[in-house]
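Accompanying notes for the structure given below.
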Amino acid sequence: MSRIHSSVEALRIALAALRANKARGVLTTLGIIIGIVAVVTTMTAANGLANSFRESVSVLGTDVLYVSRTPWIIQGRFFQFRNRPNLKLKDSDKLARQLGSEAAVNPTDDARRPVKYMSEVIDNATVIGTTDKHMLVSSAVPEYGRFLNAHDVAFKRHVCVIGTTMHEQLFGDVDPINKKIKVGRAEFRVIGVMEKQGSAGTFGGPDFDSQIFIPVTTFVREFGGRFRSFDFAVKAPPGTSVEDFEYQVVGEMRKIRRLHPSEDDDFAINKMDSLLDAFNNVMGVVLMVGLAVTGISLFVGGVGVMNIMFVSVTERTHEIGIRKAIGAKRRAILQQFLLESSMICLLGGAIGVALSFGVAAAIDKFVLPASVSLPIVVIALTVSVAVGIISGFIPAWRASRLNPIDALHYE
Amino acid sequence: MTLEVRSVEKIYEMNSVGVHALRGVSFDIAQNEYVAIMGPSGSGKSTLMNIIGCLDVPTKGSYVLDGSDVGTLGEDALAEIRNEKIGFVFQTFNLLGRSDVFHNVELPLIYAGMRPGQRKKLAEEAIEKVGLADRMRHRPNELSGGQRQRVAIARALVNRPTILLADEPTGNLDSATGAEIMQVFDQLHSEGNTIILVTHEDNVAAHAHREIRLFDGLIASDTLQSEAA
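Structure (C-alpha cells):
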C-alpha cells in the first residue's frame, strides 16, 4: 500500500520535473531518439524485406523440386561444380518418362536479350524458355490471353507470354495480344500477359513481372542449346511426400547420368527451403548490424541521460534533504529519480517512434513495402524505459544515499 | 518517559581528527513538556537537535524515543521514526517550492503510505489549525514568512508526532511575526503536544517551561522555569 502511494508521488515529481525542464529533456533525449529511430527502422525494414521476399519466393511453391547442375547457394569451393556435365533438354524427357505421367517435369533456361516493340526497347530482358508444364510447377497464371501449350512447344512456335511490367513498358495502353515483338533477332507473337507476381528484385533476385516466356524448343533453336544446362522443375504427384519424391528424383537422375554407386551426384536438388535458409542467414546479419548501430546510439543517449540526472540530483539536493527529514526512505528517493530518468527516455522513445513512422513511410514509398507494427512500437518504448532505468540508476542511487543533514544544509 | 538521552557523545571525524561535538549528555523529557535547548554556537546544540530528530545517531550512549532505542537503527528505520514520531519546524521553513500548501502538508502522510481520502482530511485539518485554510492552493513563494512557517508547523503536526522539534523557528521572521508563531507553539503545547525548541534567543526560550543550556558539548544547566510567557 505504502509503495503504491509513494510511487504515485514519485511519478508526480518526475512529471513536474519534466515539465519544468522541457527543452533540456528533449535535448537530453536526442541520443535516445536516434537510437529508437534506428531500432524501429531496422526492424521495420527487416520485416518489410522478409515479407516481400516471402511473397516473391512463394511463386516457386514449396512442393516443387528444382534439379540443376549446381546448387542455388554455393558454399565453399565453386570448382567442384564447374566440371559437372550439363543437364540436357532430352534428360528432361527421360526424367518425365521415368517418374511417370503423374509427376510434372518442366525444363527451363533463361537468356538475356533485348525485346522490342515498334520504337520501345527493353535492353537485357530475361527471356525464359519453358513449357506448358510451367503452369503446374508455378502459381503464375496469365491475366489475359493464354499461356504456352504443348503444341507451341512441340512445333517450336514463335509465340510468347509477357509479364505485366514488360506489358506496361512496351505497350502502355495498347492491347498486346497478337502483336509482334522482337526478341533478339527473332520475331514473336504475344499470346498472353501474366498476372502480377511481385518482385524479388530488391534482393538481386528475379523480377518475375519483367520476364518473357517462350517455348523452350524455340528458345533452343533461336539462342542455341548445345552448351546450355537446363533446370528441371519437378512437382511430386498428388499424395506423395516431398521427401520421398526427392529420393525418387535423385535415383532417376543418377540413372540418367549413368552414375556408378560409388560416385557422388553430379547434379543438385534445389528447394525453396534452401533459399529461405540463405535469406534468413542474410537477414540475421542485417539485423545484427542494425542492432549494433542501435546499441551504440542508445549507449550514447544513456550516457547523456545519466549526466542530466546527475545535474538533476545536484539541483535538488536540498529537496531530497527535506523529503528525507520528513520520512522519505531511500527507496522512495531512488524511485523518484528512476522514474524521472525513465520518463525522459520514454519521451525520447515516443518522439523516436513518431519520427520512425515518417522514416517507414519514406521506405515504403521509395524502397520496399514497410510499415511500423504495434509489437515494434512496444519493443521500442520498452527499450527506452529500460535505458532510462539503467542510465538513471547510479544518479538515483547516489541521491537515495545522501545524508539527510548534509542534504538539508545544501544550498 | 517520552525521550531518554543517556551519556550521548558525538564525535565527527574531520581530516582524521575527532571533533567532540557532544561529550556525554543525559536528560529525560516527559510527555507534554515544553523545553528550550539553548547555547552559543559550537556548543553542540545542532548536533543534539539532529540526534533528537533522528537525523543522526550518537557515537556513544543511548537515545530512547517512545520506547525504541534509536542509536541502533539503520537509515530507513530512522526515516520511518522521523515520519511517525517527529515533526520538524526549521528556521528556513524548508518547504517544497514547486508544491502548493496542501501538497507540502500532505507529504509526510504520503511517505507514511496513507490513502488519499484520509490524507486529504488530515492535511486540511492541520492547515485549518494554523489558520491557512484559504491558502490551501498557494505556493510558498506566494506566502509571507509567517505564513510559510505556519505551513511548516502544519506539516510537522499532520502525522500527530510524539515530539515537535523546532530549530530557531523565529530566526527568519520579524519580531511581531515571531511572536505570532510562538503563540501557535504555546497553543499546541496547551493541547498536549511535547515541544522542543532549539534557540539562542532568550525571549523565545522564555515560552518554554524548561531550559537546557549546553556549553562545549556538555549540559551547563537544566532548569525548570516559573510559568512565564
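Keeping their order, the protein sequence lines are chains E and P. In terms of my numbering, the first sequence is residues 1402 to 1812. In terms of my numbering, the second sequence is residues 3 to 231. Ideal placement from N, C-alpha and C gives every residue a C-beta, glycine not left out. Since the model is a prediction, treat every value here as computed from it, not as a measurement.
Starting from residue i, find everything on chain P with Cβ-Cβ shorter than 8 Å and list it in chain order.
i: E/R1731; result: E77, D78, A81
Starting from residue i, follow the alpha helix (DSSP H) in both directions and report where the run begins and ends.
i: P/A178; result: 177-192
i: E/V1706; result: 1673-1716
i: E/A1555; result: 1551-1555
i: E/G1652; result: 1643-1657
i: E/A1763; result: 1731-1767
i: E/G1426; result: 1423-1429
i: E/H1535; result: 1535-1538
i: P/E144; result: Note, P/E144: premise wrong, no alpha helix (DSSP H); not H, not E.
i: P/K123; result: 118-131
i: P/K87; result: 77-87
Spatial neighbours of residue i within its chain, please: C-beta separation below 6 Å, excluding the five flanking residues on both sides.
i: E/A1669; result: S1469, T1471, P1472
i: E/I1435; result: S1698
i: E/G1605; result: Low confidence applies here, because E/G1605 scores a pLDDT of 49, under 50, leaving its location unreliable; read the following figure in that light. Nothing meets the Cβ criterion.
i: E/F1758; result: V1773
i: P/L5; result: I31, L67
i: E/A1800; result: V1714, I1721, I1734, F1738
i: E/T1565; result: K1597, D1610
When the Cα atoms are used, what is the spatial distance from residue i to residue j?
i: E/L1537; j: E/V1690; result: 40 Å
i: E/A1358; j: E/L1803; result: Nothing can be reported for residue 1358 of chain E: it is not among the residues displayed for chain E, which extend from 1402 to 1812.
i: P/I292; j: P/H202; result: Only positions 3 to 231 of chain P appear in the structure, and residue 292 of chain P is not among them; the question remains open.
i: E/K1551; j: E/N1507; result: The residue asked about is misnamed: residue 1551 of chain E is Ala in this sequence, not Lys. Cα to Cα, E/A1551 sits roughly 12 Å from E/N1507.
i: P/Q93; j: P/N174; result: 6 Å
i: E/S1774; j: E/Q1736; result: 31 Å
i: E/T1603; j: E/L1769; result: With a pLDDT of 49 at E/T1603, under the threshold of 50, the modelled position of this residue cannot be trusted, and the question is left open.
i: E/V1409; j: E/R1724; result: 15 Å
i: E/V1427; j: E/R1717; result: 20 Å
i: E/I1806; j: E/A1761; result: 53 Å
i: E/L1500; j: E/V1779; result: 52 Å
i: P/R117; j: P/S45; result: 43 Å
i: E/V1650; j: E/G1640; result: 16 Å
i: E/A1601; j: E/I1613; result: With a pLDDT of only 48 at E/A1601, under the threshold of 50, the placement of this residue in the model should not be trusted; the figure read from the coordinates follows. Looking at the two C-alpha atoms, the distance is approximately 16 Å.
i: P/M3; j: E/V1712; result: 45 Å
By the DSSP assignment, the beta strand (DSSP E) with residue i in it spans what residues?
i: P/M16; result: 5-16
i: P/M40; result: 36-40
i: E/M1595; result: 1587-1595
i: P/I197; result: 196-200
i: E/C1561; result: 1560-1563
i: E/P1543; result: 1543-1546
i: P/H211; result: No beta strand (DSSP E) contains P/H211, which DSSP labels as neither H nor E.
i: P/Y113; result: Premise fails: P/Y113 lies in the alpha helix (DSSP H), 103-114, not in any beta strand (DSSP E).
i: E/P1508; result: 1505-1518
Against residue i, what residues of chain P qualify as contacts under a CB-to-CB distance less than 9 Å, listed in chain order?
i: E/A1761; result: Near E/A1761 there are no residues of chain P at all, since even the closest Cβ is about 39 Å away, more than 9 Å.
i: E/A1417; result: R100, S101
Against residue i, what residues of chain E qualify as contacts under a CB-to-CB distance less than 9 Å, listed in chain order?
i: P/R157; result: I1727
i: P/L67; result: Residues of chain E passing the Cβ test: none, with the nearest at roughly 14 Å.
i: P/N85; result: I1727, G1728, A1729, K1730
i: P/L109; result: E1410, I1723, R1724, I1727, G1728, A1729
Ordered along the chain, which non-local residues of its own chain (more than five positions away) have a Cβ less than 7 Å from that of residue i?
i: E/I1398; result: The question about residue 1398 of chain E has no answer here: the residues shown for chain E are numbered 1402 through 1812.
How about residue i and residue j: do their beta carbons lie closer than 8 Å?
i: E/A1797; j: E/M1707; result: no
i: E/D1553; j: E/G1530; result: no
i: E/L1571; j: E/V1516; result: yes
i: P/M40; j: P/L167; result: no
i: E/G1696; j: E/F1738; result: no
i: P/L199; j: P/A38; result: yes
i: E/I1727; j: P/F90; result: yes
i: E/G1702; j: E/G1749; result: yes
i: P/A207; j: P/E213; result: yes
i: E/F1631; j: E/S1539; result: no
i: P/F95; j: P/R141; result: no
i: P/S28; j: P/K62; result: no
i: E/P1616; j: E/R1558; result: yes
i: E/E1596; j: E/P1543; result: yes
i: E/Q1481; j: E/A1541; result: no
How about residue i: is its Cβ closer than 7 Å to a heavy atom in the ligand GTP?
i: E/E1521; result: The ligand content of the structure shown is nil, which means the ligand GTP is not present either.
Quick one: which chain E residues come within Cβ less than 7 Å of residue i?
i: P/F98; result: Strictly speaking, residue 98 of chain P in this sequence is Leu, with Phe absent from that position. Here the neighbours are E1720, I1723.
i: P/L57; result: A1726, P1805, I1806
I want to verify the contact list: residues of chain P whose CB lies under 7 Å from the CB of residue i, in sequence order.
i: E/E1410; result: I112
I want to verify the contact list: residues of chain E whose CB lies under 8 Å from the CB of residue i, in sequence order.
i: P/N52; result: I1806
i: P/F90; result: A1726, I1727
Apart from the five residues just before and just after residue i, which ones in its own chain have a Cβ nearer than 8 Å to its Cβ?
i: E/D1533; result: F1548, L1549, N1550, A1551, D1553, V1554
i: P/N17; result: none
i: P/D102; result: M138, R139, H140, R141
i: P/A114; result: N85, E86, N161
Is the CB of residue i under 8 Å away from at least one CB in chain A?
i: E/L1775; result: Any reference to chain A falls outside this structure, whose protein chains are E and P.
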